[in-house]
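Enquirer: Please find one structure pasted underneath; my questions will follow.
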Amino acid sequence: MNTTSVLDLQKGSAYNYIPHAWIGILFITLFAISTLAHLVQVSYYRGWWLHVLTIGGIGECIGWGARLYNAYEPTNGDGFLCQIAVLVIAPVFYSAAIYLILGKVMSLTHPEYSRLRPKLYSIVFITCDVIALVVQAIGGGMAATADDHEGADLGARIMLGGIVFQLVSMTLFVIFAADFAIKLLAAMKTGACDLSSQQKSDLKRIAVPVIISSVALYVRGVYRVIELSEGWNGPIISTESYFVVLDGLMMVIAQGVFNIVHPAKTLKELAGHKTEVTKLQTFAKPNSAEYPVSECILLTSGWSCGRKAKLNQHPMTDWHGRSSNAIVFKGANYHSTTLPTAPRKINSSLKDGSQFQKRMAFILQTTVLQPGPYTGAQFEQIWSCVHLLLSKTSEEEITLKPSHGLLDILLILLARSWANVRSRLMEGYSFEGLLEELFPLQSIRPGEGDMKYLDSINISCPLFHCILGILRNLTCVQANDEYFNNHTVFISAMIELIKCAEVQVRSLAFDIFVNLSASIKLSKLKRQHATELLSYSFGALYSETNYTMHSAVKLLSRLSMEDSNEGLLSKLDKQIFKRLNEILALQIAWGNMDHQTTDTIHHIVIFFEFSIKSEEMRKTVSEDRDTLRYLIHVILMDIPSEEPIKNKMMKSMDRAVSVLLSLQAASIRAYECIGIHRYNIVQKAEVYTKEKTTQHLSNSMFLLAQT
Numbered sequence: 009m010n011t012t013s014v015l016d017l018q019k020g021s022a023y024n025y026i027p028h029a030w031i032g033i034l035f036i037t038l039f040a041i042s043t044l045a046h047l048v049q050v051s052y053y054r055g056w057w058l059h060v061l062t063i064g065g066i067g068e069c070i071g072w073g074a075r076l077y078n079a080y081e082p083t084n085g086d087g088f089l090c091q092i093a094v095l096v097i098a099p100v101f102y103s104a105a106i107y108l109i110l111g112k113v114m115s116l117t118h119p120e121y122s123r124l125r126p127k128l129y130s131i132v133f134i135t136c137d138v139i140a141l142v143v144q145a146i147g148g149g150m151a152a153t154a155d156d157h158e159g160a161d162l163g164a165r166i167m168l169g170g171i172v173f174q175l176v177s178m179t180l181f182v183i184f185a186a187d188f189a190i191k192l193l194a195a196m197k198t199g200a201c202d203l204s205s206q207q208k209s210d211l212k213r214i215a216v217p218v219i220i221s222s223v224a225l226y227v228r229g230v231y232r233v234i235e236l237s238e239g240w241n242g243p244i245i246s247t248e249s250y251f252v253v254l255d256g257l258m259m260v261i262a263q264g265v266f267n268i269v270h271p272a273k274t275l276k277e278l279a280g281h282k283t284e285v286t287k288l289q290t291f292a293k294p295n296s297a298e299y300p301v302s303e304c305i306l307l308t309s310g311w312s313c314g315r316k317a318k319l320n321q322h323p324m325t326d327w328h329g330r331s332s333n334a335i336v337f338k339g340a341n342y343h344s345t346t347l348p349t350a351p352r353k354i355n356s357s358l359k360d361g362s363q364f365q366k367r368m369a370f371i372l373q374t375t376v377l378q379p380g381p382y383t384g385a386q387f388e389q390i391w392s393c394v395h396l397l398l399s400k401t402s403e404e405e406i407t408l409k410p411s412h413g414l415l416d417i418l419l420i421l422l423a424r425s426w427a428n429v430r431s432r433l434m435e436g437y438s439f440e441g442l443l444e445e446l447f448p449l450q451s452i453r454p455g456e457g458d459m460k461y462l463d464s465i466n467i468s469c470p471l472f473h474c475i476l477g478i479l480r481n482l483t484c485v486q487a488n489d490e491y492f493n494n495h496t497v498f499i500s501a502m503i504e505l506i507k508c509a510e511v512q513v514r515s516l517a518f519d520i521f522v523n524l525s526a527s528i529k530l531s532k533l534k535r536q537h538a539t540e541l542l543s544y545s546f547g548a549l550y551s552e553t554n555y556t557m558h559s560a561v562k563l564l565s566r567l568s569m570e571d572s573n574e575g576l577l578s579k580l581d582k583q584i585f586k587r588l589n590e591i592l593a594l595q596i597a598w599g600n601m602d603h604q605t606t607d608t609i610h611h612i613v614i615f616f617e618f619s620i621k622s623e624e625m626r627k628t629v630s631e632d633r634d635t636l637r638y639l640i641h642v643i644l645m646d647i648p649s650e651e652p653i654k655n656k657m658m659k660s661m662d663r664a665v666s667v668l669l670s671l672q673a674a675s676i677r678a679y680e681c682i683g684i685h686r687y688n689i690v691q692k693a694e695v696y697t698k699e700k701t702t703q704h705l706s707n708s709m710f711l712l713a714q715t
């Protein structure tokens with residue numbers, strides 16, 4: 009491809025060389041074959057959105073056709089301008105295909121690991137490509153119509169800017185894609201992501217061609233930048249071999265690799281493996297000869313705090329701690345403490361019009377399976393139903409968020425074999441049943457199942473997260489003082505989990521301790537356990553997740569209520585109070601008084617209330633201006649109108665007034681600080697006198713202002 013021997017023929021050629029005809033014929037053939045193959049594959053697999061690859065291939069055929077024409081008519085400027093325009097535009101369609109593919113992959117796997125919503129990838133980055141394309145077109149037009157070298161070079165620089173912009177946008181895309189892949193791989197490694205082996209195989213088959221095509225497009229972009237930076241007469245743009253290898257060959261690879269592993273086929277398989285369970289079979293009629301498995305299985309949803317559901321993730325909300333949604337386990341009956349009065353019928357998205365549809369009702373955020381009896385095969389259908397509901401929820405076809413508790417219980421029972429399902433449910437789930445899974449049992453003689461024989465915790469258990477999830481639910485209603493305080497292995501294991509690097513495990517462990525805090529007394533724990541529990545609770549106040557921080561605040565407040573004997577809280581570092589003040593300030597500034605915000609404020613105030621029972625602590629807190637100021641802000645806040653939140657906020661304000669009264673008596677600084685706000689306190693108290701429900705709070709505030 010050395011063209012120096014024909015320089016006398018090149019004086020009128022805009023290429024600064026004569027394109028080789030055979031090269032043009034070769035690339036037209038390659039692109040034509042690939043484009044026709046894409047046309048057939050897209051039609052066969054019904055991936056119409058991938059016609060962008062077909063359009064890109066047609067563009068490449070036209071561009072190389074123009075170069076072939078110039079091989080016979082080297083002085084014809086129209087062919088040169090045509091190939092410049094088309095071969096600059098065509099690669100944009102390949103990058104658009106990659107953006108669309110990644111968006112589809114994210115929506116079919118775990119979109120929560122992506123920094124952008126899947127649909128935004130195509131919108132944002134294709135828009136960037138269109139902008140780059142317009143800039144390159146303007147530059148190309150200026151270069152084509154220029155009367156001198158300066159005008160042509162200006163056009164080349166504008167084209168160069170468009171290509172650089174395109175490379176920058178593609179680099180950002182690669183960063184986002186790599187971030188998603190890293191998070192997904194980390195989740196798969198820790199077990200937080202439950203992709204099947206088929207899905208993992210599908211992802212690998214999609215990733216390889218996408219990576220190869222992206223690299224080819226990137227190489228071509230870098231080549232174009234270097235080429236145009238030298239102007240229209242530089243050595244690189246004047247050498248055909250560079251263009252053939254770094255542009256033509258790269259585009260053949262970028263398009264052809266998707267013929268080998270077509271994304272429409274692979275994405276279709278990925279979608280199929282995601283929702284393998286697509287319908288429910290009809291339930292058999294009840295057999296009166298069998299014992300009912302339960303009168304009713306009812307589990308409250310874990311997504312009851314208004315957050316958007318995330319497929320197959322533990323919800324990490326505070327639903328289990330409220331009496332209106334707490335789960336009660338009584339033998340074979342699993343039911344909520346309070347039930348909404350008007351059940352809604354099943355959503356029409358579940359196409360099956362069988363008996364199952366009549367047996368199952370959705371009560372707000374609650375799933376009810378009507379009375380059995382159920383056989384082992386019917387439990388398999390329940391299992392299928394859970395998966396179907398999850399898939400439908402992820403597609404936003406229905407609003408139900410199935411309880412993770414039900415899913416976890418079925419997972420464990422499935423692992424134990426379906427033969428044992430009925431007996432396990434009739435017994436009711438208990439700590440002993442879970443501890444067999446959570447702790448590897450040592451050699452135990454028949455009939456000896458005491459916890460003192462338990463080994464260290466089995467973190468590698470495949471159902472580890474499920475077991476912790478159910479244990480978190482059970483500790484709400486089955487916790488008792490003697491059972492846990494006498495078994496230090498369990499307490500030690502939970503403390504180890506609080507140290508865990510995985511946020512989900514750490515949050516579940518905190519929840520378990522929060523549930524147990526009403527039963528476990530610091531004074532009855534080993535000194536080491538009590539110290540470690542407090543230490544790691546303090547550390548969690550700096551957690552990267554609001555939920556873990558909220559759990560730590562709640563745990564500290566409950567432990568402070570039980571600390572009258574040991575006095576461990578009296579030895580707290582002042583940094584703890586500083587951090588609690590920071591959290592309190594954030595909750596007040598947030599302004600949106602939802603359940604978690606008001607609950608966090610409530611527990612911080614409780615912590616201050618019980619920690620100042622120690623004379624030493626009372627003196628320390630009364631001298632802290634920040635604590636005083638934020639407590640005053642609490643009592644001056646507007647009371648929310650929503651009933652459960654309103655009651656919680658009023659209790660917090662009442663406790664805050666009580667704390668301020670105690671601090672005011674202990675310190676001149678506290679007295680002066682409260683005096684500054686005395687007028688505002690009186691004004692607020694006068695507002696509260698108008699309502700019966702707030703009269704007690706109003707009296708306490710008047711007392712604070714008059715003291």
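The sequence shown runs 9 to 715 under the numbering used here. Note that beta-carbon positions come from the ideal geometry of N, C-alpha and C, so glycine has one too. Quick caveat, the model's predicted, so the values are computed rather than measured.
1) Are there 16 or more other CB atoms within 10 angstroms of the CB of Tyr121, so buried, or fewer, so exposed?
2) At which residues does the alpha helix (DSSP H) containing Asn554 begin and terminate?
3) Excluding five sequence neighbours on each side, which residues of the same chain lie with their C-beta closer than 7 Å to the C-beta of Lys127?
4) Cβ of Ile689 within 7 Å of Cβ of Ala664?
5) Among Ile503, Tyr107, Met645, which one has its Cα closest to the Cα of Ile219?
6) Of the choices Leu225, Thr117, Asn241, whose alpha-carbon is the least far from that of Ser21?
7) If you reduce the DSSP assignment to three classes, tell me which class Trp57 lands in.
8) Where Ala262 and Ala224 are concerned, what is the direct C-alpha to C-alpha distance, given to the nearest angstrom?
9) Would you mind reading off the limits of the alpha helix (DSSP H) that contains Tyr638?
10) What does a CB cutoff of less than 6 Å around Leu636 pick up in its chain, not counting 5 residues either side in sequence?
11) With a threshold of 16 other CB atoms inside 10 Å of the CB of Val561, please say whether the residue is buried or exposed.
12) What would DSSP say about Ile268, mapped onto helix, strand or coil?
13) Please state the DSSP three-state secondary structure of Asp86.
14) Between the Cα of Ile611 and those of His46, Lys191, Val176, Leu588, spot the shortest distance and give me the residue it belongs to.
15) Check whether the Cβ of Phe188 lies closer than 7 Å to any Cβ atom in chain B.
16) Rounded to whole angstroms, what is the Cα-Cα separation between Leu712 and Arg626?
17) Short of 8 Å in beta carbon distance, which residues of its chain neighbour Tyr250, apart from the five on each side in sequence? Order them along the chain.
18) Please state whether the Cβ-Cβ distance between Val143 and Gly170 is less than 7 Å.
19) Can you tell me whether Leu180 is buried or exposed, with buried defined as 16 or more other CB within 10 angstroms of its CB?
20) Would you report the Cα separation of Ile684 and Leu564, rounded to the nearest angstrom?
21) According to DSSP, is Pro243 part of a helix, a strand, or is it coil?
22) Along the chain, where does the alpha helix (DSSP H) that runs through Thr606 open and close?
23) Please classify His1 as buried or exposed, where buried requires at least 16 neighbouring CB atoms within 10 angstroms.
24) Report all residues from its chain with a CB closer than 7 Å to the CB of Lys656; omit the five preceding and five following residues, and keep chain order.
25) Who are the near neighbours of Asn267 in its chain, counting only those whose CB is closer than 8 Å to its CB and skipping five residues on each side?
26) Closer than 8 Å is the cut-off here; do at least three beta carbon pairs connect the segment 82-92 with the segment 60-74?
27) Going by beta carbon distance, what residues of the same chain come within less than 7 Å of Leu168, once the five residues before and after it are set aside?
28) From Val260, Glu68, Ser660, pick the residue whose C-alpha is nearest to that of Ile596; which is it?
29) Looking only at its own chain, which residues have a Cβ that is under 6 Å from the Cβ of Ile98, when we skip the five neighbours before and after it?
30) If I follow the unbroken alpha helix (DSSP H) through His704, where does it start and stop?
31) Since Gly229 is in the alpha helix (DSSP H), which residue starts that stretch and which ends it?
32) Given a threshold of 16 other Cβ atoms within 10 Å of its Cβ, counted over all protein chains shown, does Asp326 qualify as buried or as exposed?
33) Please determine, among Lys654, Thr628, Lys621, Leu668, the residue with the shortest C-alpha to C-alpha distance to His641.
34) Leaving out five residues before and five after Lys276 in sequence, what residues of the same chain have Cβ atoms less than 7 Å from its Cβ?
35) With a Cβ-Cβ cutoff of 7 Å, do Ala151 and Ala160 count as a contact?
Expert: By the coordinates alone:
1) If you number the sequence shown from 1, residue 121 lands on position 113. Tyr121 is buried by the Cβ-count criterion.
2) Along the sequence shown, one-based indexing puts residue 554 at 546. Segment 554-569, the alpha helix (DSSP H) holding Asn554.
3) As a working mapping, residue 127 is identified with position 119 in the sequence shown. Within the same chain, Lys127 has close Cβ partners Gly111.
4) Taking the sequence shown and counting its residues from 1, the one referred to as residue 689 is at position 681. Taking the sequence shown and counting its residues from 1, the one referred to as residue 664 is at position 656. Contact flag unset, no.
5) As a position in the sequence shown, residue 219 is number 211, starting the count at 1. Closest option to Ile219, Cα to Cα, is Tyr107.
6) Here residue 21 corresponds to residue number 13 of the sequence shown, with the count starting at 1. Closest option to Ser21, Cα to Cα, is Asn241.
7) Here residue 57 is taken as the residue at index 49 of the sequence shown, counted from 1. If DSSP states are grouped into helix, strand and coil, Trp57 belongs with the helices.
8) One-based indexing of the sequence shown puts residue 262 at position 254. One-based indexing of the sequence shown puts residue 224 at position 216. Their backbone Cα atoms lie some 6 Å apart in a straight line.
9) Working through the sequence shown from its first residue, we reach residue 638 at position 630. Here the alpha helix (DSSP H) through Tyr638 covers 633-643.
10) Numbered from its first residue, the sequence shown carries residue 636 at position 628. Cβ neighbours of Leu636 beyond the five flanking positions: Ala678, Cys681.
11) One-based indexing of the sequence shown puts residue 561 at position 553. When all chains shown are included, Val561 counts as buried.
12) Locating residue 268 in the sequence shown gives position 260, where the first residue counts as 1. Reduced to three states, the DSSP call for Ile268 is helix.
13) As a working note, residue 86 is residue 78 in the sequence shown. In this structure, Asp86 counts as helix in the three-state DSSP scheme.
14) Within the sequence shown, numbered from 1, the residue matching residue 611 stands at position 603. Per the sequence shown, the amino acid found at residue 611 is His instead of Ile. Residue Leu588 is the option with its Cα nearest to His611.
15) Chain labels in this structure do not include chain B; a single protein chain is all it has.
16) Working through the sequence shown from its first residue, we reach residue 712 at position 704. Working through the sequence shown from its first residue, we reach residue 626 at position 618. Between Leu712 and Arg626, the C-alpha separation is close to 17 Å.
17) In the sequence shown, residue 250 corresponds to position 242, counting from 1. Hits under 8 Å: Tyr231, Glu235, Ile244.
18) If you number the sequence shown from 1, residue 143 lands on position 135. If you number the sequence shown from 1, residue 170 lands on position 162. Yes; because the gap between Cβ atoms is below 7 Å, this pair is in contact.
19) Locating residue 180 in the sequence shown gives position 172, counting from the first residue. Exposed: under 16 other Cβ atoms inside 10 Å.
20) As a position in the sequence shown, residue 684 is number 676, starting the count at 1. As a position in the sequence shown, residue 564 is number 556, starting the count at 1. Those two C-alpha atoms are separated by around 31 Å.
21) Here residue 243 is taken as the residue at index 235 of the sequence shown, counted from 1. Residue state, collapsed to three classes: coil.
22) Taking the sequence shown and counting its residues from 1, the one referred to as residue 606 is at position 598. Thr606 -> alpha helix (DSSP H) spans 603-619.
23) Nothing about residue 1 can be reported from this structure: the residues present for the chain run from 9 to 715 only.
24) Working through the sequence shown from its first residue, we reach residue 656 at position 648. Closer than 7 Å at Cβ, skipping near neighbours: Thr606, Asp607, His610.
25) In the sequence shown, residue 267 corresponds to position 259, counting from 1. Cβ within range, chain order: Ser42, Ala45, His46, Gln49.
26) yes
27) Translated into the one-based positions of the sequence shown, residue 168 becomes position 160. Correct list, in chain order: Val233, Leu236, Ser237.
28) Looking up residue 596 in the sequence shown gives position 588. Measuring from the Cα of Ile596, the nearest candidate turns out to be Ser660.
29) Along the sequence shown, read from residue 1 onward, the residue named residue 98 stands at position 90. According to the sequence displayed, residue 98 carries Ala and not Ile. Cβ within range, chain order: Gly64, Gly67, Glu68.
30) In the sequence shown, residue 704 corresponds to position 696, counting from 1. Its alpha helix (DSSP H) spans residues 703-714.
31) Reading the sequence shown from its first residue, position 221 is the one you call residue 229. Note, Gly229: alpha helix (DSSP H), 205-237.
32) As a first step, residue 326 must be located in the sequence shown, where it is residue number 318. With a pLDDT of 29 at Asp326, under the threshold of 50, the modelled position of that residue is not reliable, and the figure given next carries that caveat. Buried, because 16 or more other Cβ atoms sit within 10 Å of the Cβ of Asp326.
33) For this step, residue 641 is matched to residue 633 along the sequence shown. Measuring from the Cα of His641, the nearest candidate turns out to be Leu668.
34) Residue 276 sits at position 268 when you count from the first residue of the sequence shown. So the list reads Tyr53, once near-sequence residues are dropped.
35) For the purposes of this step, residue 151 is identified with residue 143 of the sequence shown, where counting begins at 1. For the purposes of this step, residue 160 is identified with residue 152 of the sequence shown, where counting begins at 1. Yes, the Cβ-Cβ distance between Ala151 and Ala160 is below 7 Å.
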